[in-house]
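In the numbering used here, the protein residues as written are 19 to 251.
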């Protein structure tokens, strides 16, 4: 029943009704509207509970479907979006999970669990973004142990203000900037060296916790140990 449409119908024809009759019609429609909202909220809770049961049983796709029904009945409840995000995560659908978390925070930006879910989703995608999200969450709940733990670990891994992508390639870039092309007398093929996956994996492990200054010193020591460069002068 589209109550808004019914109200518009009577509004266009109110000249045929007395003031008292029109007020009575509007009053009845308001009561029906409140009853419909209450009914929808009850149905939404039923679907959420069904989704929770399916989630706990490992049936994540069915859980997504149930949470979706709950959202259709009550799109203003951030809990349903949070729950569906969790189910999407289990299905490996990270983009959908992120979208639900962000939509949920638009509804309720003090829902701490959404910050935890969203930050966790970004851990394998963009650790700087994950830091930002956990910080926002801690503004809402400064004593949250989960977010404090994640942020502490991330702060050690990702130095402030340095993009993660820049760190992962910093050793190679520093060698190039210092002048690896100048090793004309060296038998070392640096391009092949850095394109070798096994060597890159080792280098990534070595530089993981290094600061930019440490990396620069490391590169200079490596180059010094290899002997003088032919600068072409």
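Don't be surprised by glycine CBs; every beta carbon is placed ideally from N, CA and C.
All values reported here derive from a predicted model rather than from experimental measurement.
Which of helix, strand or coil DSSP assigns to residue i
{"i": "residue 126", "result": "coil"}
{"i": "residue 171", "result": "helix"}
{"i": "residue 36", "result": "coil"}
{"i": "residue 137", "result": "helix"}
{"i": "residue 164", "result": "helix"}
{"i": "residue 76", "result": "coil"}
{"i": "residue 87", "result": "helix"}
{"i": "residue 118", "result": "helix"}
Distance, residue j Cα to residue i Cα
{"i": "residue 93", "j": "residue 102", "result": "12 Å"}
{"i": "residue 58", "j": "residue 149", "result": "37 Å"}
{"i": "residue 108", "j": "residue 72", "result": "12 Å"}
{"i": "residue 48", "j": "residue 121", "result": "29 Å"}
{"i": "residue 119", "j": "residue 36", "result": "50 Å"}
{"i": "residue 138", "j": "residue 80", "result": "23 Å"}
{"i": "residue 106", "j": "residue 51", "result": "33 Å"}
{"i": "residue 132", "j": "residue 30", "result": "45 Å"}
{"i": "residue 135", "j": "residue 173", "result": "19 Å"}
{"i": "residue 70", "j": "residue 41", "result": "43 Å"}
{"i": "residue 56", "j": "residue 46", "result": "15 Å"}
{"i": "residue 115", "j": "residue 125", "result": "16 Å"}
Same chain, Cβ closer than 7 Å to residue i, five either side skipped, listed in chain order
{"i": "residue 175", "result": "145"}
{"i": "residue 68", "result": "84"}
Other residues of its chain near residue i: CB distance less than 8 Å, five sequence neighbours each side excluded
{"i": "residue 147", "result": "140"}
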